[in-house]
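Participant: Residue numbers (the UniProt record's numbering): 1 to 111.
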């Protein structure tokens, strides 16, 4: 069973943008909103050089790392194209306009 943390409203994140969340003892999390209002959450580090993905450009269901333009799939955290690597994903859902993020204990259980 997953416990969820209410981190705000969908409207708190601009379309094709991101916001970050810090939870005690956990890596910074980037929460993304796509142009079609889907919500995804990743650890806020590119697998290449640890660039802050939350500062990248969201296009479709991917984000381009601001450091070296690696494209990362928001659903899987996988680098796209010829690049290889993966950023951990975090379970997130939107319910009645609120964004819910899985608790760290649930993240560790899923690993």
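Cβ atoms here follow ideal geometry from the backbone N, Cα and C, with glycine treated the same way.
1) Are residue 42 and residue 7 touching if we call contact CB-CB under 8 Å?
2) Give every residue of the same chain whose Cβ lies closer than 7 Å to the Cβ of residue 20, excluding the five residues on either side of it in the sequence, and list them in chain order.
3) Could you tell me the distance, in whole angstroms, from the CA atom of residue 56 to the CA atom of residue 97?
4) Look at residue 92 and residue 58 and say whether their C-beta atoms are less than 8 Å apart.
5) Report the option in 5, 70, 85 whose CA atom is closest to the CA atom of residue 24.
Facilitator: Straight from the coordinates:
1) By one-based count along the chain shown, residue 42 stands at place 42. By one-based count along the chain shown, residue 7 stands at place 7. Inclusion of residue 42 and residue 7 in the CB contact set at 8 Å is not warranted, their separation being larger than that value.
2) The residue you call residue 20 lines up with position 20 of the chain shown. The residues are 28, 29, 30, 44, 54.
3) Numbered from 1 along the chain shown, position 56 holds the residue referred to as residue 56. Numbered from 1 along the chain shown, position 97 holds the residue referred to as residue 97. Between residue 56 and residue 97, the C-alpha separation is close to 24 Å.
4) Within the chain shown, the letter at position 92 stands for residue 92. Within the chain shown, the letter at position 58 stands for residue 58. Going by C-beta atoms, residue 92 is not nearer than 8 Å to residue 58.
5) The sequence position of residue 24 within the chain shown is 24, counting from 1. Cα-wise, what sits closest to residue 24 is 5.
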